[in-house]
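Q: Residue numbers (my numbering), protein chains in the order written: chain A, 1 to 541; chain B, 1001 to 1340.
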Amino acid sequence: MAGLAATFGSGAMTNSINEFEDADLFLVTGSNTIEQHPLIGIRMINAIEEKGSKLILIDPRETPLSSFAKIHLRPNIGTDVALFNGFMNIIISEELYDKDFVETRTEGFDALKTLLSRYNPKVVEQITGIRSSDLYHAAVMYAQTDKAMIVYAMGITQHISGTDNVKTLANLSMLTGHLGKPSTGVNPLRGQNNVQGACDMGGLPGVFTGYQRVNDPATTKKFEDAWGVTGLDTKPGLTITGMINAAHSGGLKALYVMGENPFMSDPDTTHVEQALSNLDFLIVQDIFLTDTATLADVILPAASFAEKDGTFTNTERRVQLSRKACSPPGQARADWEIITEIMKRCGVKSPYRGTEDIMQEINRLTPSYAGITYSRLSKGYGLQWPCPNEDHPGTVFLHRDQFTKGKGTFLPCEYKPADELPDEEYTFTLTTGRISYQYHTGTMTRRINILEREAPEPLLEINPEDAKKLGIRNNDKVEVQSRRGTIEIKAEVTPRVPKQVLFTTFHFREAPVNKLTNPAFDPIAEIPELKVCSVKIRRCS
Amino acid sequence: MKLVAKKDISECLSAWSSTYSILCPTLKEQGERVYDTFDPATFTLEYRKLPMPLKSSFLPQSEVIFTIENGNFTPVLNEGRMLIFGIRACDLMGIRQSRSFFGRDLDDRYFRAYAENTILVVHACSLPQNETCFCTTTKSGPYAKQGFDIQLFDMGNDFLVEAGSDIGRELTSSRHFVDFDDVDAQERFSKIKHMAHNSIPVVPEVTEAIDFLKDSSANDGVWNHLGSKCIACGGCVYVCPTCTCFNVIDSATTKEDGERIRTWDTCLYGGFTKEASGHNPRSSQALRLKRRHEHKLLYYNKTDIQDALCGCVGCGRCSDYCPVHIGTLEVTKAIVDHIY
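1) Would you kindly report the start and end of the unbroken beta strand (DSSP E) that includes methionine 343 of chain A?
2) Looking at the ligand COA, does it come within less than 6 Å of threonine 1244 of chain B, judged from the CB to the closest heavy atom?
3) Name the chain A residues whose beta carbon is nearer than 7 Å to that of isoleucine 1249 of chain B?
4) Please determine, among A/Thr176, A/Gly433, A/Tyr211, A/Gly259, the residue with the shortest C-alpha to C-alpha distance to asparagine 193 of chain A.
5) Glutamate 452 of chain A to cysteine 1240 of chain B, Cα distance in whole Å?
6) Between lysine 113 of chain A and aspartate 419 of chain A, what straight-line distance do the alpha-carbon atoms span, to the nearest angstrom?
7) DSSP on lysine 253 of chain A, reduced to helix/strand/coil?
8) Comparing alpha-carbon positions, which option in B/Ile1150, B/Asp1181, B/Tyr1321, B/Ala1115 lies nearest alanine 1124 of chain B?
9) Could you pull the DSSP bridge partners for proline 64 of chain A from this structure?
10) At the level of alpha carbons, what is the spacing between asparagine 1130 of chain B and glutamine 158 of chain A?
11) Is aspartate 1107 of chain B helix, strand or coil by DSSP?
12) Could you give the uninterrupted runs of the beta strand (DSSP E) lying entirely in the stretch 187-268 of chain A, keeping only those of 3 residues or more?
13) Which full runs of the alpha helix (DSSP H) of 4+ residues lie inside the stretch 1195-1283 of chain B, going along the chain?
14) Can you give me the start and stop residues for the beta strand (DSSP E) that isoleucine 127 of chain A sits inside?
15) Of all Cβ atoms in chain B, is any one closer than 7 Å to the Cβ of glutamate 454 of chain A?
16) Scan the stretch 427-460 of chain A and note each continuous alpha helix (DSSP H) run of 4 residues or more that stays entirely inside, going in chain order.
17) Check each residue of the stretch 37-57 of chain A: if its Cβ is closer than 8 Å to any Cβ of chain B, include it; give the result in chain order.
18) As a quick exercise: from A/Asn449, A/Thr404, A/Asn314, A/Leu73, pick the residue whose alpha carbon is nearest that of leucine 383 of chain A.
19) Which residue's Cα is closest to the Cα of glutamate 457 of chain A: A/Glu488, A/Thr429, A/Pro464?
20) Using a Cβ-Cβ cutoff of less than 7 Å, which residues in the same chain neighbour arginine 317 of chain A once the five nearest sequence positions on both sides are dropped?
21) Tell me which same chain residues have a C-beta within less than 8 Å of the C-beta of isoleucine 77 of chain A, skipping the five on either side of it?
22) Which class does tyrosine 1020 of chain B belong to by DSSP, given the choice of helix, strand or coil?
23) Taking the alpha carbon of asparagine 1224 of chain B as the point to measure from, which residue in B/Lys1007, B/Thr1242, B/Ala1334 has its own alpha carbon closest?
24) With a threshold of 7 Å between beta carbons, is serine 1126 of chain B in contact with chain A?
25) Can you check whether the CB of proline 512 of chain A is closer than 7 Å to the CB of threonine 269 of chain A?
26) Within 10 angstroms of its Cβ, does isoleucine 1339 of chain B collect 16 or more other Cβ (buried), or is it exposed?
27) Are aspartate 1091 of chain B and proline 1053 of chain B close, meaning C-beta to C-beta below 7 Å?
28) Taking the alpha-carbon positions, what's the valine 1336 of chain B to alanine 1252 of chain B distance?
29) Looking at C-alpha atoms only, which residue of B/Gln1097, B/Lys1255, B/Glu1259, B/Cys1230 is the closest neighbour of cysteine 1318 of chain B?
30) Quick test of your reading: phenylalanine 1159 of chain B and tyrosine 1143 of chain B, contact by CB under 8 Å. State the CB separation rounded to the nearest angstrom.
31) What residues of chain A sit near aspartate 1231 of chain B, judged by a beta carbon separation below 7 Å?
32) CB-CB under 7 Å to glycine 1103 of chain B, same chain, minus the five flanking residues each way: which ones, in chain order?
33) Given a limit of 9 Å on CB to CB distance, which residues of the stretch 1266-1299 of chain B reach chain A?
34) For a cutoff of 7 Å on Cβ pairs, would you count serine 117 of chain A as touching chain B?
35) Could you tell me which residues DSSP pairs with alanine 148 of chain A in its beta bridges?
36) So, is alanine 47 of chain A buried or exposed, given that buried needs 16 or more other C-beta atoms within 10 angstroms?
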């Protein structure tokens, strides 16, 4: 989010889901699109199979997309900045960049060019392990195809260089003019149905709704007037990473967790557990008793999606209305009702009678959501922001004639190695992700019988050559140890992972992989480096 | 035979609703049409092939089949009387095939409890519902030959009414149904059926593919290719009138009490055929797709298919909804074309 906002002025998927049907090329990096974003994955499959569109896949691991790829580059983990700087070095030296676009729509090209001169294909090959000839083919193919979409997910962002990775992809798309047109752009795929909506609604430490900054006095005044209060805090708050660290050091005393299971999902579980136990007061609001909730002082049972009214904003910025289909069980209530009850007990009268009242407030205070009203949403299949007034049809793709911030800014980034690199003791790199049949920390999916049948237990993927050397066979129990912890897990011997790389998921409490992961984080977005840590592995006797 | 005015159908349904719970085509807020409980305000006759084939009325997506309380076993059997109005002939054939399957070797009393308590009113098709209809190929439409209580044929402002059972005759004895037995009634009836039949083109690839499969001359490359793009969503199974595989789960409510639930399942999931040892005889998506389609087109039971061609009833929904275009029409075409 931070990377795209800095470059373009807007941190969201630039283009839309249906545009995948017409694209001529997909550059997919750090996304297992077929398994994790199947509605987008199927559009890629159909475009490739039926229209001859091309796929450049960049992923150290094989995924179902691999068999569709014209080129599959498997770089060393954590070397994305170098890789894409290498792309741009080739594109500039071959004069394949979009000079007109660069001149009229962007700024900062000279600084980019200077930096890129240090990333010739031979240097990049040394860093990434990608042969310079393969790099050349991929770069030329991307530059020379008009309707070319960049697609990424957590494989790009969950690194200490996450923001730099995104900026570098944004540089690549501007350099080639693959922006502001249908079936192009830089497209981060959001990993949950409403994570875009949560960000849009100010679920980030430095902004109100619609990314209006808390440290802008005019904005703060607007919200103070609307809410009839004074003295709103103008300092950005803490990120999740910051909160856990503050709880650990004693600076944070109380934490209210809604629909999140940090005990399972955050890096370095031992540290997280100490931090949560160190709080004076922990509230957890969720639809099921999560692992985090077992540590809570107060648990507030929430309604599930089918038991409440409201809207969801999906990955393509589309706001959709969701209606209550049945009543919540027991004492459970919709999140907004729980929050307004707490407001009441704090002596604040809630002005909301229902979710439509809340939406009206959003419309008044959020320029990009101003035209997204319940009456419009109930008539169609949602509206894509920005939608500045009630006559506006919504925005299919961003940055058509100019960027949100005017000119797009090239923000050149140097390659920085991952925080933890393999050494003599911890010789393997562990990376984590998701599989089709389970979802995140399993709060919901692990209760579904057929999903449990399909994926009943955690498995650690290990390359056959490594397995042979270590005497590990399929289904053998292995011990995996990092500087922070140890887990036991069954091995799956498979060429899906390259040599010296291990992969597993964070779905299973039986082998909580985040005991191992590295809490080092990106300095801007403060997203932890969940995709890289160094481990050692041995077969359990 | 009888005639009934279309404008009187809603009133007939209202009258029948005192005896039966009624499922019929309804128009939803945003223009979608689905089978739902009868309500005069939302009931519609303006509908084509509906997204779901009504199998959930006989085999619910998830149902408790028995409970254990204080050590006592109590089966949970449907007792409600239901009338399904407006079912298409292909879907009726799906129900007939499933009923045979669920009663042939062992009596599935849960399925039977629904089937025996349900009145079926078929709305025969006079034209293809969309471009994927191929019931004339699978011999399952456009009108039903048996297995219905009432069948309606479109005659403009009226329906021509064919009763298929004693209950059907009784239900069509009210004042709304007028006799239609003049000299040329039979002739007109034959003509309607003939025109309907001719309006839906036969798809020769389907029968040719069946022949290829019988001769074992279908190329495995087809399955490998289709398997590589199948995302195993199970959508084709979900909308298929004759896919009835289920899973059984035991759920304990307390230490002593609990219930057994059965839910829909699919042979396209790896776990469906995975054995306790970990071995899976259908070890790839290609083999699982092959199994599913061969079950429809080749390894069907002769009794179960009733008087149709095979275990596929030609509704075309898999071709309508498969997100990567692996419906029966595409599969049979790929087999015949030998392109892989």
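Positions of the beta carbon are idealized from the N, C-alpha and C atoms, including for glycine.
Since the structure is predicted, the reported quantities are computational estimates derived from the model, not experimental observations.
A: Let me spell this out:
1) Along the first sequence, one-based indexing puts residue 343 of chain A at 343. No beta strand (DSSP E) holds methionine 343 of chain A; the alpha helix (DSSP H) holding it covers 335-345.
2) As presented, the structure is devoid of all ligands, the ligand COA included, so that no description of it is given.
3) Position 249 of the second sequence, counting from 1, holds the residue named residue 1249 of chain B. Asn449, listed in chain order.
4) One-based indexing of the first sequence puts residue 193 of chain A at position 193. Residue A/Gly259 is the option with its Cα nearest to asparagine 193 of chain A.
5) On the first sequence, residue 452 of chain A is found 452 positions in, with the first residue counted as 1. On the second sequence, residue 1240 of chain B is found 240 positions in, with the first residue counted as 1. Distance between the alpha carbons of glutamate 452 of chain A and cysteine 1240 of chain B is about 24 Å.
6) If you number the first sequence from 1, residue 113 of chain A lands on position 113. If you number the first sequence from 1, residue 419 of chain A lands on position 419. Going from the Cα of lysine 113 of chain A to the Cα of aspartate 419 of chain A covers about 27 Å.
7) The residue given as residue 253 of chain A occupies position 253 in the first sequence. Reduced to three states, the DSSP call for lysine 253 of chain A is coil.
8) If you number the second sequence from 1, residue 1124 of chain B lands on position 124. Nearest of B/Ile1150, B/Asp1181, B/Tyr1321, B/Ala1115 to alanine 1124 of chain B, Cα basis: B/Ile1150.
9) In the first sequence, residue 64 of chain A corresponds to position 64, counting from 1. Looking at the DSSP output, proline 64 of chain A shares a beta bridge with no other residue.
10) Translated into the one-based positions of the second sequence, residue 1130 of chain B becomes position 130. Translated into the one-based positions of the first sequence, residue 158 of chain A becomes position 158. Taking the straight line from one Cα to the other gives about 47 Å.
11) Locating residue 1107 of chain B in the second sequence gives position 107, counting from the first residue. Looking at aspartate 1107 of chain B - three-state DSSP - the assignment turns out to be coil, as it is neither helix nor strand.
12) Fully enclosed beta strand (DSSP E) runs of 3 or longer: 254-258.
13) Listed in chain order, the complete alpha helix (DSSP H) runs (minimum 4 residues) inside the stretch 1195-1283 of chain B are 1204-1214, 1220-1229, 1235-1239.
14) In the first sequence, counting from the first residue as 1, residue 127 of chain A sits at position 127. Taken as a continuous stretch (DSSP letters only), isoleucine 127 of chain A belongs to no beta strand (DSSP E), being part of the alpha helix (DSSP H) at 121-128.
15) Taking the first residue of the first sequence as position 1, residue 454 of chain A is located at position 454. For glutamate 454 of chain A, the answer is yes, since a Cβ of chain B falls inside 7 Å of its Cβ.
16) At a cut-off of 4 residues, the continuous stretches assigned as alpha helix (DSSP H) that sit fully inside the stretch 427-460 of chain A are 449-454.
17) Pro38, Leu39, Gly41, Ile42, Ile45, Asn46, Glu49, Glu50
18) If you number the first sequence from 1, residue 383 of chain A lands on position 383. It is A/Asn314.
19) To locate residue 457 of chain A, count along the first sequence from 1; it is residue 457. Considering only alpha carbons, the answer is A/Glu488.
20) Your numbering for residue 317 of chain A matches position 317 in the first sequence. Counting only Cβ-Cβ distances below 7 Å, and skipping sequence neighbours, we find Ala12, Met13, Gln196, Gln384, Trp385.
21) Sequence index remark: in the first sequence, residue 77 of chain A carries index 77 (1-based). Same-chain partners within the cutoff: Pro60, Ala418, Thr429, Thr431, Val501, Lys531, Val532.
22) Mapped onto the second sequence, residue 1020 of chain B falls at position 20. Three-state DSSP puts tyrosine 1020 of chain B in coil, outside helix and strand.
23) Reading the second sequence from its first residue, position 224 is the one you call residue 1224 of chain B. Minimum Cα distance to asparagine 1224 of chain B is reached at B/Ala1334.
24) Mapped onto the second sequence, residue 1126 of chain B falls at position 126. Taking Cβ atoms only, chain A never reaches closer than 7 Å to serine 1126 of chain B, which makes this a no.
25) Indexing the first sequence from 1 puts residue 269 of chain A at position 269. Indexing the first sequence from 1 puts residue 512 of chain A at position 512. It is a contact, given that the beta carbons lie within the stated cut-off.
26) For the purposes of this step, residue 1339 of chain B is taken as residue 339 along the second sequence, with counting starting at 1. With fewer than 16 other Cβ atoms within 10 Å, it is exposed.
27) Residue numbering aside, residue 1091 of chain B sits at position 91 when the second sequence is read from its first letter. Residue numbering aside, residue 1053 of chain B sits at position 53 when the second sequence is read from its first letter. Contact: yes.
28) One-based indexing of the second sequence puts residue 1336 of chain B at position 336. One-based indexing of the second sequence puts residue 1252 of chain B at position 252. C-alpha separation (whole angstroms): 50 Å.
29) As a position in the second sequence, residue 1318 of chain B is number 318, starting the count at 1. The candidate whose alpha carbon is nearest that of cysteine 1318 of chain B is B/Cys1230.
30) Taking the first residue of the second sequence as position 1, residue 1159 of chain B is located at position 159. Taking the first residue of the second sequence as position 1, residue 1143 of chain B is located at position 143. With a Cβ gap of about 12 Å, phenylalanine 1159 of chain B and tyrosine 1143 of chain B do not count as contacting.
31) Within the second sequence, residue 1231 of chain B is the residue found at index 231, counting from 1. One detail in the question is off: residue 1231 of chain B reads as isoleucine in this sequence, not aspartate. Ile34, Pro38, Gly41, Ile42, listed in chain order.
32) Taking the first residue of the second sequence as position 1, residue 1103 of chain B is located at position 103. These residues qualify, in order along the chain: Arg1112.
33) Close to chain A, meaning a Cβ-Cβ distance shorter than 9 Å, are the following residues of the stretch 1266-1299 of chain B: Thr1266, Tyr1269, Gly1270, Gly1271, Phe1272, Lys1274, Gly1278.
34) The residue you call residue 117 of chain A lines up with position 117 of the first sequence. No - not a single Cβ of chain B is within 7 Å of the one on serine 117 of chain A.
35) Counted from its first residue, the first sequence places residue 148 of chain A at position 148. Partner(s): A/Leu25.
36) Stepping through the first sequence from its first residue, residue 47 of chain A is reached at position 47. Buried: at least 16 other Cβ atoms inside 10 Å.
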